[in-house]
Amino acid sequence: MNIQNYINGEFHNPASNKWIDNYNPSNGEVYGQIPNSGKNDVENAYISAKSAFPSWSLTTLEERSRILIKISELLEANIERFAKAESKDNGKPISLAKVVDIPRAASNFRFFGNAITQFASESHESVGQNAINYTLRQPIGVVGCISPWNLPLYLFTWKIAPAIAAGNCVVAKPSEVTPMTAYLLGEICNEAGLPKGVLNVVHGLGTSTGQAIVEHQDIKAISFTGGTVTGAHIAKVAAPMFKKLSLELGGKNPNIIFADCDYEDMLESTVHSSFANQGQICLCGSRIFIESSIYEKFKKDFVEKVKALKVGHPSEKDTNIGALISKPHIEKVKNYISIAKEENGTVLFGGNEVTVKGYENGYYLEPTVIEVPNDECRVNQEEIFGPVVTILPFNKEDDVLLMANKVKFGLSATLWTNNLKRTIRMSNQLQAGIIWVNTWMMRDLRTPFGGVKASGVGREGGFEALRFFTEAKNVCIKY
Ligand code: TXE
Numbered sequence: 002m003n004i005q006n007y008i009n010g011e012f013h014n015p016a017s018n019k020w021i022d023n024y025n026p027s028n029g030e031v032y033g034q035i036p037n038s039g040k041n042d043v044e045n046a047y048i049s050a051k052s053a054f055p056s057w058s059l060t061t062l063e064e065r066s067r068i069l070i071k072i073s074e075l076l077e078a079n080i081e082r083f084a085k086a087e088s089k090d091n092g093k094p095i096s097l098a099k100v101v102d103i104p105r106a107a108s109n110f111r112f113f114g115n116a117i118t119q120f121a122s123e124s125h126e127s128v129g130q131n132a133i134n135y136t137l138r139q140p141i142g143v144v145g146c147i148s149p150w151n152l153p154l155y156l157f158t159w160k161i162a163p164a165i166a167a168g169n170c171v172v173a174k175p176s177e178v179t180p181m182t183a184y185l186l187g188e189i190c191n192e193a194g195l196p197k198g199v200l201n202v203v204h205g206l207g208t209s210t211g212q213a214i215v216e217h218q219d220i221k222a223i224s225f226t227g228g229t230v231t232g233a234h235i236a237k238v239a240a241p242m243f244k245k246l247s248l249e250l251g252g253k254n255p256n257i258i259f260a261d262c263d264y265e266d267m268l269e270s271t272v273h274s275s276f277a278n279q280g281q282i283c284l285c286g287s288r289i290f291i292e293s294s295i296y297e298k299f300k301k302d303f304v305e306k307v308k309a310l311k312v313g314h315p316s317e318k319d320t321n322i323g324a325l326i327s328k329p330h331i332e333k334v335k336n337y338i339s340i341a342k343e344e345n346g347t348v349l350f351g352g353n354e355v356t357v358k359g360y361e362n363g364y365y366l367e368p369t370v371i372e373v374p375n376d377e378c379r380v381n382q383e384e385i386f387g388p389v390v391t392i393l394p395f396n397k398e399d400d401v402l403l404m405a406n407k408v409k410f411g412l413s414a415t416l417w418t419n420n421l422k423r424t425i426r427m428s429n430q431l432q433a434g435i436i437w438v439n440t441w442m443m444r445d446l447r448t449p450f451g452g453v454k455a456s457g458v459g460r461e462g463g464f465e466a467l468r469f470f471t472e473a474k475n476v477c478i479k480y
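Plus 1 on top of the position in the sequence shown (first one is 1) and you've got the working numbering.
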C-alpha cells in the first residue's frame with residue numbers, strides 16, 4: 002500500500018515524485034512505498050500550517066478539546082485497523098499494539114483535550130508598587146514534531162496532541178520505517194473536524210525531510226524523540242536559530258533488584274521490562290543488577306522464564322516477541338552479542354536469529370541474557386535497543402548506585418525493594434528522569450517525562466508539554 006503526505010487536510014504525492022520502499026519486518030518484503038519528501042513538501046506543509054494558525058490559535062479551548070476527544074474516540078473505534086497496520090509496519094505483536102500502542106495514542110488525544118481546559122497561568126501582585134503582573138501562555142505558531150519507529154503512533158501523538166491542544170499548528174514527520182499509522186491518522190483528523198492545516202504530516206528520510214523541518218527558519222520549536230546522535234545533530238542545527246527544543250533520546254536503564262523485594266512480582270515484571278516490544282523501548286531495563294544473596298536463584302528463574310517466551314509472527318496470538326524493526330537493526334543487535342562474547346560475557350540464553358516458518362526472511366532474534374564480567378564493558382554501556390539484557394551481581398547499595406549512574410544516559414531506573422528508607426535514598430541519588438519502584442512503565446500522563454545526561458533535555462507530559470508548546474509572556478500593569 003502506497004501512502005501520501007497529509008497537507009492542508011488533503012493527501013498529496015511528493016513534489017519530486019520520489020519514493021522510498023516500506024518493509025514489513027515480519028517477512029522482510031517491501032509492501033508499499035512512502036513519499037521521499039523534499040524541502041518543497043516541507044515548505045507546503047509549513048504554508049498550510051501558517052495559514053491555519055490565526056484561526057486555530059483563537060479557537061476556544063472548549064472547541065479544541067471537543068475535536069481532540071473526537072479524534073481519540075475515532076482511534077478507539079478503529080483500534081483493529083490501526084493495531085494491524087502498526088504491527089505490520091513495525092513487527093511488534095499485534096496483541097501489544099492492541100493493548101498498548103493504539104489505546105495510548107487515543108489516551109494522548111483525550112488527555113491533552115482535557116488538560117488544555119485546565120491549563121492556567123499565574124499572576125503576581127507587586128505589593129507596594131501599585132502593579133499587577135500576569136503571565137500569558139501563548140501558542141508558539143508552527144512547530145515541528147519528529148518521532149521514531151519503536152512506538153510509532155504512541156510517540157507521534159504524544160507530541161502532536163499537546164502541540165495542537167495548546168493552539169499551535171504542526172508540521173510532523175514520523176519515522177520513515179513506520180509511517181503507516183501516522184498516514185491513517187490524517188483521515189481520522191478530517192473525520193473529527195480538525196480544521197485543514199492544523200496538522201500536516203510529511204513523510205521521508207531523516208536526513209532530508211527531517212533536516213528540512215529542523216532547518217526551517219519559521220518553524221519555531223522542535224519536539225524530537227530518537228537516537229542520541231541524531232538529537233545532538235538537531236540541537237546543533239537548531240541552536241543558531243534559537244529554537245525551542247525538546248529532545249527525548251536513548252537510555253541504558255538500570256533495573257536494580259534487592260533481596261527484600263516481592264520476588265515473583267519482580268521476576269514477572271523484569272521479563273517484561275527486558276523484552277517488551279523486542280526490547281525496543283527507550284525505557285527498557287537493559288542492565289539488571291541483582292543483590293548477591295539472590296543472584297544464583299534469580300539467574301536460574303529468569304533464564305527459565307525467558308526460555309518460555311515465544312518468538313513468532315506478530316499476528317499470532319501467543320507470540321511474545323515479534324520481529325525487530327529492520328535488517329540493519331538486527332545486524333546491529335547481533336554485533337553487540339558478538340562484542341559481549343569478545344568481552345568475556347557469557348550468553349546464558351539466546352543470541353541467535355530465529356527462523357519463523359513461512360516467514361524465513363523476517364527479522365527475528367531470540368531474547369538474550371548475558372552475564373557480564375563487569376559494568377564497564379560495552380554491552381553494559383551502549384544502547385543496544387533490542388532483546389538483549391545484561392545481568393551482574395552486587396553486594397552493597399553504594400556499589401550498585403555507582404554502577405547504575407556510571408553510564409552516559411539517564412532516562413529511567415527501576416528499583417525493587419521493600420525498604421522505604423533505601424527507596425528514598427536511592428531515588429534521590431539515581432541519575433534519571435524517571436524512577437520506578439516495584440513496578441515498570443506505569444504511566445500517569447500528568448507526570449513529567451524525560452531524561453538527564455545523554456537521554457535528552459526538556460520534559461514532556463502533562464502541563465510540562467503544554468508549557469513547552471507555549472511561550473510565556475509577562476504583562477505588568479501599573480495602576
Ligand atoms: O533513530 P533516528 P534511528 C535509538 C536506538 C536506535 C538508534 C537509531 O538506539 O538504534 O536510536 O535509531 C529522524 N534531522 N533510538 O536511526 O535516526 C528520523 O527520520 C531531523 C532511541 O531510527 O534518531 C526519525 O523520524 N530528523 C529512541 C527520527 O528522527 C532526523 C527511539 C528518529 O530517527 C534526522 C528510536 C535529522 N538529521 C531509536 N535524522 C527512543 N529514545 O525511544 C533522523 N531523523
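Built from N, CA and C at the ideal position, the CB exists for glycine as well.
If you're wondering where the values come from, they're calculated on a predicted model, not measured in any experiment.
Run the CB neighbour count on F303, radius 10 Å, all protein chains shown included, and call it buried at 16 or more, exposed below.
Burial check for F303: the Cβ neighbour count within 10 Å reaches 16 or more, so the residue is buried.
According to DSSP, N151 sits in a beta bridge with which residue or residues?
N151 has no beta-bridge partner at all, per DSSP.
Please confirm whether S293 and N396 have their CB atoms less than 8 Å apart.
For S293 and N396, yes; Cβs fall inside 8 Å.
Residues bridged to H125 (per DSSP):
Its beta-bridge partners are N134.
Please state whether DSSP places T448 in a helix, a strand or coil.
Residue state, collapsed to three classes: coil.
Exposed or buried, what is T179 when buried is set at 16 or more other beta-carbons lying within 10 Å of its beta-carbon?
So T179 ends up on the buried side.
Under three-state DSSP, which class holds T210?
Helix at T210.
Identify the continuous beta strand (DSSP E) that holds N91 and give its terminal residues.
That residue, N91, is in no beta strand (DSSP E); its alpha helix (DSSP H) goes 80-91.
Just checking F386 against the ligand TXE - is the residue's beta carbon closer than 7 Å to any of the ligand's heavy atoms?
It does: the Cβ of F386 is within 7 Å (strictly closer) of some heavy atom of the ligand TXE.
Could you check if I478 is buried or exposed, using at least 16 other CB atoms within 10 Å of its CB as the buried criterion?
Exposed is the call here.
Run the CB neighbour count on D219, radius 10 Å, all protein chains shown included, and call it buried at 16 or more, exposed below.
Label assigned to D219: exposed.
Contact test: H234 Cβ vs the ligand TXE heavy atom, cutoff 7 Å:
Answer for H234: yes, Cβ within range of the ligand TXE.
Spatial neighbours of L75 within its chain, please: CB distance less than 7 Å, with the 5 preceding and 5 following residues excluded, ordered by chain position.
Correct list, in chain order: I189, E192, A193.
When burial is assigned at 16 or more other CB atoms within 10 Å of the CB, is F243 buried or exposed?
F243 comes out exposed.
Quick one: which unbroken beta strand (DSSP E) runs of 3-plus residues sit fully inside the segment 187-263? Chain order, please.
Runs of the beta strand (DSSP E) lying entirely within the segment 187-263 and spanning at least 3 residues, in chain order: 200-202, 222-226, 245-249, 255-258.
Return the chain-ordered ranges of every alpha helix (DSSP H) run that is complete within the segment 387-452 and spans a minimum of 4 residues.
If we require 4 residues or more, the alpha helix (DSSP H) runs fully inside the segment 387-452 come out as 398-406, 421-430.
If distances are taken between C-alpha atoms only, which option among L416, V334, S316 comes closest to D90?
The residue with the shortest Cα to Cα distance from D90 is S316.
Quick one: Cα of D445 to Cα of F110, how far?
Each residue's alpha carbon lies about 14 Å from the other.
Any non-hydrogen atom of the ligand TXE closer than 7 Å to G228 Cβ
Result yes, Cβ under 7 Å from the ligand TXE.
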